[in-house]
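Residue numbers (our numbering): 1041 to 1203. For each residue, glycine too, the CB sits at the ideal point set by N, CA and C.
Next comes the structure, spelled out in structure tokens:
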């Protein structure tokens, strides 16, 4: 079956969007043509054109707003009250500390991909000594500058040779 002119035009625009350079060229030509036409209009016709464009824009915005209202995500809750009850349960189970609450909610939102996950990972604080400090301690015990001998203990062992 043959295509209508509207279907052909729709297919042409769809294919035109795939070719970026051709699309930009067509937009440029269209812009030049519209500017020439606007320059040749007298003031009354130009005012009518602007009013018509304003009405078309308003109608488009109103239609988009209506679509957003009508296309709400379908909820599994039958009534507003049951939804409110579920929200109340969740809010009561959150921590009372505001900082903990924010971190929990932030994590949940990231898990549902509502906001992007952070790339920086939390650095764990370890209770171990740093490598430099360990090296200083080993050097301290290795040097012979300070010597302390406990009472009844010897600092060295004498080995007798029975030859």
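For residue 1162 and residue 1103, the rounded distance between their alpha carbons: 46 Å
Residue 1125 versus residue 1118: straight-line alpha-carbon distance, rounded: Approximately 12 Å between the Cα atoms of the pair.
Boundaries (first-last residue) of the alpha helix (DSSP H) holding residue 1152: No alpha helix (DSSP H) holds residue 1152; DSSP gives it neither H nor E.
DSSP state of residue 1084 mapped onto helix, strand, coil: helix
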